[in-house]
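Everything on this sheet refers to the single structure shown next.
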Amino acid sequence: MDNKSEPARGFGDVFDKSGVSLSLADARLDDAPLIGVNTAFCKMSGYTAEQALGRNCRFLQPSGGAGPVRGRMRSFIADDQLTEGKFVVPNVRADGAPFLNLVYMSKLKLDGKIRYILGSQFEIVRHDDKALGLYEMALQQDIRELRLVAGEMGMVMLGTFGQLASSYSIIAEMRLSDVRGDT
1 MDNKSEPARG FGDVFDKSGV SLSLADARLD DAPLIGVNTA FCKMSGYTAE
51 QALGRNCRFL QPSGGAGPVR GRMRSFIADD QLTEGKFVVP NVRADGAPFL
101 NLVYMSKLKL DGKIRYILGS QFEIVRHDDK ALGLYEMALQ QDIRELRLVA
151 GEMGMVMLGT FGQLASSYSI IAEMRLSDVR GDT
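Quick look at the structure:
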């Protein structure tokens, strides 16, 4: 976590102990740069915290962009009525290796305004349904802890666990598309 950021006081502990890839962006700053990433994020992406902090998470996308999902992500971020979202995003590791990333985002409010966006990432292609279930359970626990910390800091973490429940259907839909040859 960027020690100069507001949420670093409490979020840092949850981030540090989590085995789930987590990131935190400051929605108040131009281009919503990352102000926090954890070890699991660095391990999955191959980037160090120093390489990731201060940059928009788009740096993970391939040079040609992420395609239509990028527009859906921008719409989510721009719409204050949407509190959480889940997106399948093509990404590239620091070593150039491509991977598909299931990204969960939840907005955090302070003083009635959206201040931060919590991101969690899950690499789709290397894991089976059991791993997805473990990811979701761990993420739910981390979100519970982050909500407690956010509440102590006067922040409200928007959204519910409803998006997590849709992970299995997203993965299943992708697998069916692969079998049918859809793009």
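If you read the sequence shown in full-length UniProt numbering, its first letter stands for residue 1, the second for the next number, and so on.
We treat Cβ as the ideally placed atom computed from N, Cα and C, and that holds for glycine.
Remember, it's a predicted structure, so these values are computed and weren't measured experimentally.
query	result
Can you have a look at Leu29 and say buried or exposed, based on whether 16 or more other CB atoms are within 10 angstroms of its CB?	exposed
How far does the alpha helix (DSSP H) with Ser18 in it reach, from first residue to last?	Unbroken run through Ser18: none, as it is neither H nor E.
Given this structure, state the Cα-to-Cα distance separating Glu50 from Phe41, to the nearest angstrom.	12 angstroms
Cα-Cα, which of Val37, Arg72, Pro98 and Gly96 is closest to Cys57?	Val37
Grouping DSSP H, G and I as helix and E and B as strand, with all else coil, what is Arg180?	In this prediction, Arg180 has a pLDDT of 43, which is less than 50 and means its spatial position is unreliable; what the coordinates show is noted afterwards. Three-state DSSP puts Arg180 in a helix.
Between Arg72 and the rest of its own chain, which residues show a CB-CB distance below 7 angstroms, the 5 nearest in sequence each way excluded?	Phe87
Give the C-beta separation of Glu145 and Val14 to the nearest angstrom, bearing in mind that I take them to be a contact with Cβ-Cβ under 8 angstroms.	5 angstroms
Roughly how many whole angstroms lie between the Cα atoms of Ala78 and Ile35?	19 angstroms
Output the distance between the C-alpha atoms of Tyr104 and Ala97, rounded to the nearest integer angstrom.	21 angstroms
From Gly119, Gly154, Phe59 and Thr39, pick the residue whose C-alpha is nearest to that of Ala25; which is it?	Gly119
Measuring straight from C-alpha to C-alpha, what distance separates Leu60 and Leu82?	23 angstroms
Straight-line CA distance for Asn91 to Ala66?	8 angstroms
So, under 8 angstroms CB-CB, Asn101 and Glu123 are touching, yes? Tell me the CB distance rounded to an integer number of Å.	6 angstroms
Whose C-alpha, out of Ile117, Gly151, Leu148 and Gly112, is nearest the C-alpha of residue 208?	Lying outside 1 to 183, the shown extent of the chain, residue 208 is not represented and no answer is given.
Thinking C-alpha only, which one of Ser21, Val20 and Arg74 is nearest Ala27?	Arg74
So for residue 254, helix, strand or coil by DSSP?	Residue coverage of the chain in this structure runs from 1 to 183, which leaves residue 254 outside it and unanswerable.
Please classify Ala165 as buried or exposed, where buried requires at least 16 neighbouring CB atoms within 10 angstroms.	Low local confidence applies: a pLDDT of 45 at Ala165 is under 50, so the model's placement there is unreliable, with the coordinate-based value given in what follows. Exposed.
Between which two residues does the alpha helix (DSSP H) holding Gln81 run?	Looking at the DSSP string, Gln81 is not in any alpha helix (DSSP H), and its letter there is neither H nor E.
Which whole-angstrom value describes the C-beta separation of Ser21 and Gln140, a residue pair presumed to lie in contact below a C-beta threshold of 8 angstroms?	The pair is not a contact, with the Cβ atoms about 15 angstroms apart (cut-off 8 angstroms).
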